[in-house]
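Everything on this sheet refers to the single structure shown next.
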Amino acid sequence: AGTSPGTPAGTSPGAPTPPGTPPETEVNTGPIAAAGSPPLPAPPPAGSAPIPLYRPEVALYAAIPMVARQIGIQQIDNFHDRQGDQSLLTGTGVLPAAWGRVWGGHSVTSQDGAANPEFDGSIFGMQVGHDLYSDTTASGHRNRYGLFLGLARAVGDVNGFALGFPNADVGHLAVNAYSLGGYWTHVGPSGWYTDAVLMGSSITVDPLSSQGTGAGTHGTAVTGSIEGGFPITLGAAWVVEPQAQIIWQNLSLNDFNDGVSSVSFNNGNTYIGRLGVRVQRTFGNAGMTWQPYARVSILRAFGEGDSTTFGGTTVIPGSIGQTAGQLNVGLAAQVTRSGSAFITASYLTNLGGSHQRTIGGNAGVRWKW
């Protein structure tokens, strides 16, 4: 978009304008630096597209949906990160077992789009859950139904396209999520499983730009997952397990005003598909059962893109399409007749689309009453 006739040059999205001027514009074809200000980008060659001069808050606020979705994905994660292993799901009847886990890591996550935001920080959380009911059929099929509570937080710095410069420091972002979820896990006689999870989250957002501007807002998210795996036994101790999973998210963030302009979000339904293979070995020692494993997965994100609107007129789009690869290594152990524990470490990197690097860890326990 170009500068509207009569609009003062250098106006950025959401900036105040003198009476009688048109709504805020997003570009400036002839910037003039004030005394003592940082250097401005060189003017574009004659005939080329103008350079947009977004204020730092544009990229900062555009990062909010991306980070909020990451919190939801890492809370849902996958069956083995939340429950350890199919073999640990023992006990039947009402309230047969409880579980809990902590998880966290460092993530660098970016989004392609007009503002190209990149979040660099920590995402971590905890969950506690309880199986409400479990049954086993005469043919060996097991069903388990339960609820869990979760708390998650993302905190870090954001870079993006601001004031004509790419990868500029635009501010700091903190996002919290308070979640309630339910699950149904079915395990077949041979160990194959299906796992369905539905989780609702209340979200709080606290952005602060490099210029000291910011305002908090709230939102909600609904995240669902359906996952399945089919173990193939190779000898007495080795298992190869192909897996498939689909994660759906719907995110809704409230509008707010940061004192410079109004800010609104339009975030639709997004999905992540995962195909993976897990290799596991089982052995016993000192009355305990140990199950080390490694898993390789390919993930594909798709769905409706994001848009963040400033002042009701300037729309900043963002894409969510990405392909990533993930490596997990873990260990599940039946420590006592009633108690079990599990731990995992993971590394994720983008294979296509926007840049992402995430290193994380997860540790949990289960207790059968």
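Just so you know, we're using UniProt numbering here: the sequence shown kicks off at 1 and counts up by one.
All residues carry an ideal CB built from backbone N, CA and C; glycine is no exception.
Computed from a prediction, not measured in an experiment: that's the story for all the values here.
Query	Result
Among Gly361, Pro317, Ala114, Thr194, the one whose alpha carbon lies nearest that of leucine 163	Ala114
For aspartate 131 and glycine 96, the rounded distance between their alpha carbons	The amino acid occupying residue 96 in the given sequence is proline; glycine does not appear at that position. The straight-line gap from Cα to Cα measures roughly 6 Å.
According to DSSP, residues forming a beta bridge with serine 107	Gly121, Thr358
Simplified DSSP assignment, three categories, for tyrosine 133	strand
Same chain, Cβ closer than 6 Å to leucine 348, neighbours up to 5 away in sequence not counted	Ala324, Gln326, Thr358
Tryptophan 238 burial status per 10 Å Cβ neighbour count (16 or more: buried)	exposed
Sub-7 Å separation of threonine 223 and methionine 199 beta-carbons	yes
Rounded Cβ spacing between isoleucine 272 and arginine 300 (contact assumed at less than 8 Å)	7 Å
Span separating the alpha-carbon of valine 155 from that of tyrosine 61	14 Å
Inter-residue spacing [alpha-carbon to alpha-carbon] between serine 225 and alanine 196	6 Å
Spatial distance of alanine 236 from glutamate 227 (CA atoms)	26 Å
The alpha helix (DSSP H) enclosing valine 155, as first and last residue numbers	Premise fails: valine 155 lies in the beta strand (DSSP E), 142–162, not in any alpha helix (DSSP H).
Residue interval of the beta strand (DSSP E) (run including leucine 348)	339–353
6 Å Cβ shell around serine 354 - same chain, five flanking residues per side excluded	Ser110, Gln111, Asp112, Gln322
Spatial distance of valine 58 from tryptophan 99 (CA atoms)	41 Å
Helix, strand or coil at lysine 368 [DSSP, three-state]	strand
Residue from Ser107, Phe342, Ala68, Gly212 whose Cα sits closest to the Cα of tryptophan 367	Phe342
Which of helix, strand or coil DSSP assigns to valine 67	helix
Extent of the continuous alpha helix (DSSP H) to which residue 373 belongs	Outside the shown range of the chain (1 to 369) lies residue 373, about which nothing can therefore be said.
Secondary structure of glycine 72, DSSP reduced to three states	helix
Helix, strand or coil at aspartate 206 according to DSSP, with G and I counted as helix	strand
Distance, glycine 188 Cα to phenylalanine 230 Cα	9 Å
C-alpha gap between glutamate 304 and threonine 194, whole angstroms	27 Å
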